[in-house]
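*Asks:*
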Amino acid sequence: MATEAFKTTFDEPLLAPHHHPPPKDSPSSSFSLGYGLSLGTVVTQLNSFLAVLWPVQVTMVLASIVAVSMRDPDAERSMSRYLYYKDIDESIESTSTKVMEALTNALVIIFFIAIVTFAVVLMYKVNCMGGLQGYLMASSATLLGLVGSVLAEKIVCERLLWHVDAISMTFVMYNFAIVGTLSIFYQKGVSPDVGRAYLVVTSVIMSWQLCQLPSWSTWAILCGLAFWDLFAVLTPCGPLRCLVNLIHSEGRPMPGLLYEAEIKATHKNSPNYTNGSFYTAHNLQAAHGAGVYKAPLYTSQTAPIVYAIPVAGASTNLARQQVVFENQLLEFCRDYNSPHSDHVATVAKQYLHKQQECWQLLYTKYNVSYIRSNRSYPSYAEVFDGTPMPDLDTQEKETIKLGLGDFIFYSVLVARAAMTSFGAFIACFLCVIVVRCRGFMF
1 MATEAFKTTF DEPLLAPHHH PPPKDSPSSS FSLGYGLSLG TVVTQLNSFL
51 AVLWPVQVTM VLASIVAVSM RDPDAERSMS RYLYYKDIDE SIESTSTKVM
101 EALTNALVII FFIAIVTFAV VLMYKVNCMG GLQGYLMASS ATLLGLVGSV
151 LAEKIVCERL LWHVDAISMT FVMYNFAIVG TLSIFYQKGV SPDVGRAYLV
201 VTSVIMSWQL CQLPSWSTWA ILCGLAFWDL FAVLTPCGPL RCLVNLIHSE
251 GRPMPGLLYE AEIKATHKNS PNYTNGSFYT AHNLQAAHGA GVYKAPLYTS
301 QTAPIVYAIP VAGASTNLAR QQVVFENQLL EFCRDYNSPH SDHVATVAKQ
351 YLHKQQECWQ LLYTKYNVSY IRSNRSYPSY AEVFDGTPMP DLDTQEKETI
401 KLGLGDFIFY SVLVARAAMT SFGAFIACFL CVIVVRCRGF MF
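Once you know that position 434 of the sequence shown is 434 in UniProt numbering, the rest is easy, because the numbers rise by one and skip nothing.
#1: What are the start and end residues of the alpha helix (DSSP H) that includes L243?
#2: Who does I400 pair with in a DSSP beta bridge?
#3: Which residue comes first and which comes last in the alpha helix (DSSP H) that contains R77?
#4: So, helix, strand or coil for N47, using DSSP?
#5: Taking the alpha-carbon of E326 as reference, which of L199, V434, Y351, E93 has the nearest alpha-carbon?
#6: So for S341, helix, strand or coil by DSSP?
#7: At what residues does the alpha helix (DSSP H) containing D193 begin and finish?
#8: Relative to the C-alpha of V121, which candidate in E260, V58, R252 has its C-alpha closest?
#9: Using the rule of at least 16 other Cβ atoms within 10 Å of the residue's Cβ for burial, across every protein chain shown, is W162 buried or exposed?
#10: Tell me which residue opens and which closes the alpha helix (DSSP H) that T104 is part of.
#11: Any idea if D87 is buried or exposed, counting beta-carbon neighbours within 10 angstroms, 16 or more meaning buried?
#12: Figure out for me which residue from V244, T59, L83, V56 has the closest Cα to the Cα of Q212.
#13: Can you find the residues in the same chain that come closer than 8 angstroms, C-beta to C-beta, to L182, ignoring five residues on each side of it along the sequence?
#14: Would you mind sorting Y410 into buried or exposed? The rule is 16 or more other CB atoms within 10 Å of its CB.
#15: Quick test of the definition: if touching needs 3 or more C-beta pairs under 8 angstroms, does the segment 136-152 touch the segment 210-225?
#16: Let me know the secondary structure DSSP gives P214 once reduced to three states.
#17: Could you check whether V432 and F425 sit closer than 8 angstroms to each other, using their CB atoms as the reference points?
#18: Can you tell me the Cα-Cα spacing of K401 and S139, whole angstroms?
#19: What is the DSSP secondary structure of P296, reduced to helix, strand or coil?
#20: Whose CA, out of M169, C128, I178, lies closest to the CA of T142?
#21: Answer yes or no: do F384 and Q360 have a C-beta to C-beta separation smaller than 8 angstroms?
#22: Can you name, in chain order, every residue of its own chain whose Cβ lies under 7 angstroms from the Cβ of G289, other than the five neighbours on each side?
#23: Are G238 and F227 close, meaning C-beta to C-beta below 8 angstroms?
#24: Whole angstroms are fine: how far does the CA of R436 sit from the CA of I371?
#25: For T364, is the classification buried or exposed, using 16 other Cβ atoms within 10 angstroms of its Cβ as the cut-off for buried?
#26: Excluding sequence positions up to five away, which residues of its chain have a Cβ less than 7 angstroms from the Cβ of L257?
#27: Who are the Cβ neighbours of R416 in its own chain at under 8 angstroms, not counting the five residues just before and after it?
#28: Roughly how many whole angstroms lie between the Cα atoms of P255 and S80?
#29: Would I167 be called buried (16 or more neighbouring beta carbons within 10 Å of its own) or exposed?
#30: For I184, which residues of its own chain have a beta-carbon under 7 angstroms away from its beta-carbon, when the five flanking residues on both sides are left out?
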């Protein structure tokens, strides 16, 4: 009986080779926005953008305030020791000479950054995770403990005019560094928000330290880092691209290098969509007399679109699993232009305990051999190669990841502009927001 219902529901010619447009009554066409964009795509990218908007903004503002108000001549002299040309700002040389000297300093810095990046990729590839984690933890603890102590001393003693003895300061900063390192790398028994806060603090401290470099060298380093980032991410031999591919293929996490922002419910609730119409949670409860269960349509690095679906007894695990399964089938039908998406509820109910068989039938009928990573339904390997199907309980957590280097780069850029003038700060701040928005949308 279930097999007959399945064949009836999906009894249609294969549409992929001809790519027929979906029928007018399908949800995908009803919510097309033109220009090759659908409502789902726009909302997905908007959710991702909003998830990282606030931490990026907070980091840039804090870094700018600290850089402007905590100028340290001793730190500037100390940072100049790492440069080949040390006194470019005070030099009486011509502008072209200063540019060449600043670019030389930038090339030296980026050369060492490249060496460290390739070393990290190599250690990850050969599965030297103990050494890699130890290096990252030592670097984070040093930054939070030592450099953070210098910054904390200036804030507490010079700005707030508090009298703090060396023993108390050492005790506080030691615990601050230990808690920060554990919350970033261990991540057990500590709220994720604590780890995210420490990553923001790490970015602010690192940005303040880099802003102590001479102005010419700082701008040259920022320009050089922009080109280095393009090479490292976009080229086939780029180390960051290789690292991302390795992380995706091998699944070993890299805490401390990525800021993982959780998609909050406030980014997903309004408006709610189900069966081709928009409803509020209040209207759904009034109409159906049941709770509203929010099931993610996408689970990936990008943010999901969340559909508010009324489910009688949504608190039960079985009903929740059926809702998630229905959404997976709906997404599959939209992706493969099926005109029978209104029948997936029946199929989901009949195949709830035989999902592997259902996906095998679907993938065989539609000649599916590859599934994009941002799809909620299982991959080809999970369906046919015996790989365990993902747990439905894990599909409700939606996050978006952003490299910590991006936080530091944006913070140094905006902070250095703030050290010039308030107008430059506003201009750079808005430019970063626009660039991030464009990056998520396109």
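Positions of the beta carbon are idealized from the N, C-alpha and C atoms, including for glycine.
*Replies:* In terms of the structure at hand:
#1: The residue given as residue 243 occupies position 243 in the sequence shown. Here the alpha helix (DSSP H) through L243 covers 239-250.
#2: Looking up residue 400 in the sequence shown gives position 400. For I400, which the question treats as bridged, DSSP gives the partners A261.
#3: Counting from 1 along the sequence shown, the entry for residue 77 is found at position 77. Here the alpha helix (DSSP H) through R77 covers 73-80.
#4: The residue you call residue 47 lines up with position 47 of the sequence shown. Helix, per DSSP.
#5: Counted from its first residue, the sequence shown places residue 326 at position 326. Nearest C-alpha to E326: Y351.
#6: The residue you call residue 341 lines up with position 341 of the sequence shown. It is helical.
#7: The count along the sequence shown starts at 1 and reaches residue 193 at position 193. Here the alpha helix (DSSP H) through D193 covers 192-210.
#8: Mapped onto the sequence shown, residue 121 falls at position 121. The shortest C-alpha separation from V121 is found at R252.
#9: Looking up residue 162 in the sequence shown gives position 162. By the neighbour-count rule (16 or more Cβ atoms within 10 Å), W162 is not buried but exposed.
#10: Residue 104 sits at position 104 when you count from the first residue of the sequence shown. Counting along the chain, the alpha helix (DSSP H) containing T104 begins and ends at 95-125.
#11: For this step, residue 87 is matched to residue 87 along the sequence shown. By the 10 Å Cβ count, D87 comes out exposed.
#12: Stepping through the sequence shown from its first residue, residue 212 is reached at position 212. Comparing Cα positions, the closest option is L83.
#13: Here residue 182 refers to the residue found at position 182 of the sequence shown. Cβ within range, chain order: V190.
#14: Residue mapping note: residue 410 aligns to position 410 of the sequence shown, counting from 1. So Y410 ends up on the buried side.
#15: no
#16: Here residue 214 corresponds to residue number 214 of the sequence shown, with the count starting at 1. Of the three classes helix, strand and coil, the one that applies to P214 here is coil, per DSSP.
#17: Within the sequence shown, residue 425 is the residue found at index 425, counting from 1. Within the sequence shown, residue 432 is the residue found at index 432, counting from 1. Not in contact: F425 and V432 (Cβ atoms no closer than 8 angstroms).
#18: Taking the sequence shown and counting its residues from 1, the one referred to as residue 401 is at position 401. Taking the sequence shown and counting its residues from 1, the one referred to as residue 139 is at position 139. Between K401 and S139, the C-alpha separation is close to 21 angstroms.
#19: Locating residue 296 in the sequence shown gives position 296, where the first residue counts as 1. Reliability fails at P296, whose pLDDT of 38 lies under 50, so the model's placement of it is uncertain and no value is given.
#20: Stepping through the sequence shown from its first residue, residue 142 is reached at position 142. Here the closest residue by C-alpha is I178.
#21: For the purposes of this step, residue 384 is taken as the residue at position 384 of the sequence shown. For the purposes of this step, residue 360 is taken as the residue at position 360 of the sequence shown. A contact, by the Cβ cut-off of 8 angstroms.
#22: For the purposes of this step, residue 289 is identified with residue 289 of the sequence shown, where counting begins at 1. Confidence is the limiting factor: at G289 the pLDDT is only 38, short of 50, which leaves the residue's position unreliable and the question unanswerable from this model.
#23: Here the question's residue 238 lines up with position 238 in the sequence shown. Here the question's residue 227 lines up with position 227 in the sequence shown. In this structure, F227 does not lie closer than 8 angstroms to G238 by Cβ.
#24: As a first step, residue 371 is located in the sequence shown; it is residue number 371 there, counting from the start. As a first step, residue 436 is located in the sequence shown; it is residue number 436 there, counting from the start. Taking the straight line from one Cα to the other gives about 27 angstroms.
#25: As a first step, residue 364 is located in the sequence shown; it is residue number 364 there, counting from the start. That one is exposed.
#26: The count along the sequence shown starts at 1 and reaches residue 257 at position 257. Counting only Cβ-Cβ distances below 7 angstroms, and skipping sequence neighbours, we find G403, L404.
#27: On the sequence shown, position 416 is the one that residue 416 refers to. Same-chain partners within the cutoff: A67, C211, S215, T218, W219, L222.
#28: Counted from its first residue, the sequence shown places residue 255 at position 255. Counted from its first residue, the sequence shown places residue 80 at position 80. One C-alpha to the other measures close to 31 angstroms.
#29: Indexing the sequence shown from 1 puts residue 167 at position 167. Classification for I167: exposed.
#30: Your numbering for residue 184 matches position 184 in the sequence shown. These residues qualify, in order along the chain: S140, G195, Y198, L199, P255, G256.
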